[in-house]
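Peer 1: Got a structure for you, questions after.
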Amino acid sequence: MDHFSYIDGELCCQGLPLSEIASSVGTPTFVYSRSTIEDHLRKIQSAFSDINAEIFFSVKSCSNIHILRTLLEAGAGLDVVSMGELHRAHLAGARPDQIVFAGVGKTDAEIRAALTSDGGPISMFNVESEPEYEALALAARSLNTRAHAALRVNPDIKAGGHSYISTGQSGTKFGVDLPHAKTLLRKFNKEKHLPLTAIHLHLGSSITSPEPYVQAVKAVLDMIAELRAEGLTIDTLDLGGGFAADYHTGDAPSPDEYARALVPLLKPLHQSGTRILLEPGRMIVANAGVLLTRVTYVKHAANKKFLICDAGMNALIRPALYDAFHFIWPTSVSPQHEPNRRADNLDMPGLEPCDIVGPLCETGDFFALNRKLPVVARGETLAIFTAGAYGMSMASRYNSHPLPAEVLVEGSAPRLIRKRESLHDLTQHELEIPVPGTPTLRVGK
Ligand SMILES: Cc1ncc(COP(=O)(O)O)c(C=O)c1O
5 MDHFSYIDGE LCCQGLPLSE IASSVGTPTF VYSRSTIEDH LRKIQSAFSD INAEIFFSVK
65 SCSNIHILRT LLEAGAGLDV VSMGELHRAH LAGARPDQIV FAGVGKTDAE IRAALTSDGG
125 PISMFNVESE PEYEALALAA RSLNTRAHAA LRVNPDIKAG GHSYISTGQS GTKFGVDLPH
185 AKTLLRKFNK EKHLPLTAIH LHLGSSITSP EPYVQAVKAV LDMIAELRAE GLTIDTLDLG
245 GGFAADYHTG DAPSPDEYAR ALVPLLKPLH QSGTRILLEP GRMIVANAGV LLTRVTYVKH
305 AANKKFLICD AGMNALIRPA LYDAFHFIWP TSVSPQHEPN RRADNLDMPG LEPCDIVGPL
365 CETGDFFALN RKLPVVARGE TLAIFTAGAY GMSMASRYNS HPLPAEVLVE GSAPRLIRKR
425 ESLHDLTQHE LEIPVPGTPT LRVGK
């Protein structure tokens, strides 16, 4: 599954004890396993090899440029949604043809940047609305360049692990419904500077069954057949991401299970020369990362035990935002407490229930409530598992905590891929603006 396992009571990443990283780099720190990232990508590539699916990693899930470079080197492209992610893709070494650009609110500046990358326009824009198409086509025309566009279709299918990450239903801001999609594809299919010849879907995230994909693919296959019969060109189908990860052991179907349901449906399309893209994020990186945090205090109050950690919702917001489960365990345990699976509560002697919380001034600042753990003392390190996706990429400086460090384990060697922020980093943009000797802002009298 991944390359994090206990050896003689010590949690190791590719054989390297994580307590060593916590000692040398400090906490909170995200630690990623390069081998896990590569294995997960390879499994998806091989599961969908019969239709030659191209994998464009969703940068929003984990956007460190060293992780992006790892994925590019392993044969992935990148799916970006902002100027910042485009910048990261360039820094990681992506060629324009290795980038697709999605997102409901692309600004004129972002469109221009993606059209004028060194080496030409990016591979494809995933367009979400008619006004956005118009803005893109205008920009392509005025720059006298030619780009490729997919229309994001909203097939009105419920999918995804939480309402906030369910995007394929009508009533959400994403894509256009099927009848409107046909109208737009007919209207812009032959446009000179921005032919609209591709279809994009993204149903949501943490989708734990192939079924919603099957439904969506069937709906668009009918549409593609109808449009092709009218003489339109449809050259690409991008199925988006959303494939689940194992937060609990056994949560997620394997890439092979998704592929077994989808490849037979997509094969005729592939045989007709259609390019097929996937945009996984979570499935590749979620289990490739853990967040290391130290217990600052063990507090007993209100008949409960709280483990107060040095990371909070500032570092990993998923439990607070999505009510998400993360398996949590100390990095050093006695051999009898080595976990044999990742689950809510393990059945072992000597565990005690506790709330695992952060230091922030919010009751919602917790990682787990009433969770049974081995007894830990102040100063011990906990690992929050499956933190590689939507962890660091969603981290904030709330309560003025500097952003955590990131480490990538390659072979058995750790490489610092992001320094821990300093207090200077926290305030540098405010310091650029001179602070006058006396306050100029007066409130009231
Ligand atoms: C358009 C698009 N593609 C791909 C993804 C990646 O999703 P996941 O990380 O669930 O695979 C997202 C995530 O929200 C997305 O919005």
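Start counting at 1 in the sequence shown, then tack on 4, and there's your number in the numbering used here. The C-beta atom is built at its ideal place from N, Cα and C for all residues, glycine as well.
#1: On the criterion of 16 or more Cβ atoms from any shown chain inside 10 Å, does Pro-257 qualify as buried, or is it exposed?
#2: Using the Cα positions of His-7 and Pro-135, report the straight-line distance between them to the nearest angstrom.
#3: With a threshold of 7 Å, establish whether the CB of Arg-3 neighbours any heavy atom of ligand 1.
#4: Could you pull the DSSP bridge partners for Glu-14 from this structure?
#5: Would you say the beta carbon of Met-317 is closer than 7 Å to some non-hydrogen atom of ligand 1?
#6: Does the Cβ of Pro-100 lie closer than 7 Å to at least one heavy atom of ligand 1?
#7: Rounded to whole angstroms, how far is the Cβ of Leu-90 from the Cβ of Ala-118, which I believe are closer than 8 Å?
#8: Mark Ser-28 as exposed unless 16 or more other C-beta atoms lie within 10 angstroms of its C-beta, in which case mark it buried.
#9: With DSSP run on the structure shown, which of helix, strand or coil describes Ser-146?
#10: Kindly list the residues whose CB is nearer than 6 Å to the CB of Asp-160, restricted to its own chain and excluding five residues on each side of it in sequence; keep chain order.
#11: Take Glu-261 and list the residues in its own chain whose beta-carbon comes closer than 6 Å to its own, dropping the five residues that flank it on each side.
#12: So if DSSP puts Ser-416 in a beta bridge, which residue, or which two residues, is it bridged to?
#13: Is the CB-CB distance between Val-299 and Cys-313 below 8 Å?
#14: Ordered along the chain, which non-local residues of its own chain (more than five positions away) have a Cβ less than 6 Å from that of Val-218?
#15: With a threshold of 7 Å, establish whether the CB of Arg-286 neighbours any heavy atom of ligand 1.
#16: Output the boundary residues of the alpha helix (DSSP H) element that contains Arg-382.
#17: For the candidate residues Leu-241, Ala-163, Lys-308 and Ile-288, whose alpha-carbon lies nearest to that of Thr-176?
#18: Is there at least one non-hydrogen atom of ligand 1 closer than 7 Å to the beta-carbon of Phe-129?
#19: Cβ-heavy atom distance between Ser-62 and ligand 1 below 7 Å?
#20: Following the continuous alpha helix (DSSP H) through Ser-53, name the residue where it begins and the one where it ends.
#21: Should Glu-283 be counted as a contact of ligand 1 given a C-beta to heavy atom distance under 7 Å?
#22: Note down the Cα distance separating Pro-357 from Lys-309, rounded to an integer number of angstroms.
#23: At a cut-off of 7 Å, would you count Ser-65 as near ligand 1, judging by its Cβ distance to the nearest heavy atom?
#24: Helix, strand or coil for Ile-161 per DSSP?
#25: For Lys-376, which residues of its own chain have a beta-carbon under 6 Å away from its beta-carbon, when the five flanking residues on both sides are left out?
#26: When DSSP builds the beta bridges, which residues end up paired with Phe-389?
#27: In chain order, which continuous runs of the alpha helix (DSSP H) of length 4 or greater are located wholly inside the stretch 198-232?
#28: Tell me the start and end of each unbroken beta strand (DSSP E) in the stretch 70-148 that is at least 3 residues and wholly inside, in chain order.
#29: Nearest by alpha-carbon distance to His-252: which of Ala-233, Glu-283 and Pro-343 is it?
#30: Can you pull the DSSP bridge partners for Phe-310?
Peer 2: From the atom records:
#1: Counting from one through the sequence shown, the residue named residue 257 turns up at place 253. Buried: at least 16 other Cβ atoms inside 10 Å.
#2: Counting from 1 along the sequence shown, the entry for residue 7 is found at position 3. Counting from 1 along the sequence shown, the entry for residue 135 is found at position 131. In a straight line, the C-alpha of His-7 is about 46 Å away from that of Pro-135.
#3: Because the chain is modelled from 5 through 449, residue 3 falls outside the range shown and cannot be assessed.
#4: Your numbering for residue 14 matches position 10 in the sequence shown. Secondary-structure assignment with DSSP links Glu-14 through a beta bridge to Ile-11 and Ser-336.
#5: Here residue 317 corresponds to residue number 313 of the sequence shown, with the count starting at 1. Every heavy atom of ligand 1 is 7 Å or more from the Cβ of Met-317, so no.
#6: Against the sequence shown, residue 100 aligns to sequence position 96. No, the beta carbon of Pro-100 sits no closer than 7 Å to any heavy atom of ligand 1.
#7: The count along the sequence shown starts at 1 and reaches residue 90 at position 86. The count along the sequence shown starts at 1 and reaches residue 118 at position 114. At roughly 6 Å, the Cβ-Cβ gap stays under 8 Å, so Leu-90 and Ala-118 are in contact.
#8: What you label residue 28 is simply residue 24 of the sequence shown in a count that begins at 1. With fewer than 16 other Cβ atoms within 10 Å, it is exposed.
#9: As a first step, residue 146 is located in the sequence shown; it is residue number 142 there, counting from the start. Helix, per DSSP.
#10: Taking the first residue of the sequence shown as position 1, residue 160 is located at position 156. The answer, listed in chain order, is Gln-173 and Ser-174.
#11: Here residue 261 refers to the residue found at position 257 of the sequence shown. Closer than 6 Å at Cβ, skipping near neighbours: no residue.
#12: Start at 1 with the first residue of the sequence shown, and residue 416 comes out as number 412. Per DSSP, none; premise fails for Ser-416.
#13: One-based indexing of the sequence shown puts residue 299 at position 295. One-based indexing of the sequence shown puts residue 313 at position 309. The answer is yes: Cβ separation under 8 Å.
#14: Stepping through the sequence shown from its first residue, residue 218 is reached at position 214. Ala-265.
#15: As a first step, residue 286 is located in the sequence shown; it is residue number 282 there, counting from the start. Result yes, Cβ under 7 Å from ligand 1.
#16: Position 378 of the sequence shown holds residue 382. Where Arg-382 is concerned, there is no enclosing alpha helix (DSSP H), given that its DSSP letter is neither H nor E.
#17: Along the sequence shown, one-based indexing puts residue 176 at 172. Looking at the Cα atoms, Ala-163 is the closest of the given residues.
#18: In the sequence shown, counting from the first residue as 1, residue 129 sits at position 125. Because no heavy atom of ligand 1 lies under 7 Å away, the Cβ of Phe-129 does not count as near it: no.
#19: Translated into positions along the sequence shown, residue 62 becomes position 58. Ser-62 Cβ: within cutoff of ligand 1.
#20: Taking the sequence shown and counting its residues from 1, one reaches residue 53 at position 49. Counting along the chain, Ser-53 falls outside any alpha helix (DSSP H), and DSSP gives it neither H nor E.
#21: The sequence position of residue 283 within the sequence shown is 279, counting from 1. At least one heavy atom of ligand 1 is nearer than 7 Å to the Cβ of Glu-283, so yes.
#22: As a first step, residue 357 is located in the sequence shown; it is residue number 353 there, counting from the start. As a first step, residue 309 is located in the sequence shown; it is residue number 305 there, counting from the start. Rounded to the nearest angstrom, the two C-alpha atoms are 7 Å apart.
#23: Looking up residue 65 in the sequence shown gives position 61. Within the cutoff, so yes.
#24: Indexing the sequence shown from 1 puts residue 161 at position 157. Reduced to three states, the DSSP call for Ile-161 is coil.
#25: Reading the sequence shown from its first residue, position 372 is the one you call residue 376. Contacts found: Asn-349, Leu-355 and Pro-357.
#26: Taking the first residue of the sequence shown as position 1, residue 389 is located at position 385. According to DSSP, which records beta bridges pairwise, Phe-389 is partnered with nothing at all.
#27: none
#28: 81-84, 103-105 and 128-131
#29: Taking the sequence shown and counting its residues from 1, the one referred to as residue 252 is at position 248. Among Ala-233, Glu-283 and Pro-343, the Cα nearest to that of His-252 belongs to Pro-343.
#30: Residue mapping note: residue 310 aligns to position 306 of the sequence shown, counting from 1. Looking at the DSSP assignment, Phe-310 forms a beta bridge with Lys-303 and Asp-359.
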